[in-house]
Every structure is written in structure tokens, then in C-alpha cells.
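Residue numbers (my numbering): 1 to 165. Inspection log for the structure reproduced underneath, given as C-alpha cells.
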Ligand SMILES: [Zn+2]
């Protein structure tokens, strides 16, 4: 993820990664152009994948509640849902667009300290590992996480039912 990229502002192949920080669902890499000073924030592809899956689940859940209620959902509720979906899709897409606007410089070699931007907490290290796996891993990670939680809940319920009833 820490690569040298071409600047979309001045075309110099000098966008350097300067920092990495955690946000709620993913990390963000900050880049700075050494030539014109242009700043850029990039979300790793795995992070975009996580956001897409979490967003799709949340919007799907919202839609399910709407359509399972009594009667048909009102236009206002439907409008809000489609508005939120469009906005969400746009935000995810705009994060992907930075990959195309600021391409990796083909011959780039990044100094070792830049490829190992500090990762502090255990969650952060897990995330850094996941981000190396790429977009698809990010898409699947929330589903895997939910699966593990459900599995644990099922096990607790099973043990409870089998041994304590
Ligand atoms: Zn520049």
C-alpha cells in the first residue's frame, strides 16, 4: 500500500506516503507530493471492500425493515433509502477513483521505513495484514466476522441447552 504514486496535480512521479492512521473500519494512508505539495488520502482496497459490505448490509437491513412493515413503505422512506444508497455508492466509488487518478510509479522503490509505517495495536496489525490481501478480502471480512460471532453465539446456546436445561 505504501507506494510512490504519480501526482494528478503536477504530474510529477513524487507522491510519497507520509503516514498511516486507523479509522473505524479501515486505515488511511496520507500522501504528499514532494514537488507541488498536493495532499492525498487513500483508503486501502481492502478498506473500501469492508465499507462496501458493511454499507450493503446496513442498507439491506434498513430496506428489510421498510418492506416487512405493515402496508407498503411510503415514498419518503423509499426516497431516503435510495438517496443513502446512491450517496454511499458514490463515496465508495470516489475512493476507488484515486487509484486511477494517482497511479503507482512503475519503477518506484520505496524506502523500507515507508513500507513499514507504524502499526501499534493488535487490531491495527490485523487490519494491516488484511489490507495486504486486497479488495476481495475486505469484501469478505465483515461476513467472516459476523459468521464467527454467530458461531460463538450458537455454541454458547448449544452448551447452555445441552448441559444446563
Ligand atoms: Zn504534485
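Idealized CB from N, CA, C, for every residue including glycine.
Apart from the 5 residues on each side of it in sequence, residue 98 sits with its Cβ closer than 7 Å to the Cβ of 40 and 42 in its chain, given in chain order. Remark: three or more beta-carbon pairs, one from each stretch, lie closer than 8 Å, so the stretch 46–54 and the stretch 136–146 are flagged as touching. Every residue whose Cβ sits closer than 6 Å to any heavy atom of ligand 1 is listed here in chain order: 7, 9, 10, 12, 33, 35, 36 and 38.
Rounded to the nearest whole angstrom, the CA to CA distance from residue 44 to residue 30 is 11 Å.
The stretch 119–137 makes contact with the stretch 18–35; the number of CB pairs closer than 8 Å reaches 3 or more. The Cβ-Cβ distance between residue 2 and residue 134 does not fall below 8 Å.
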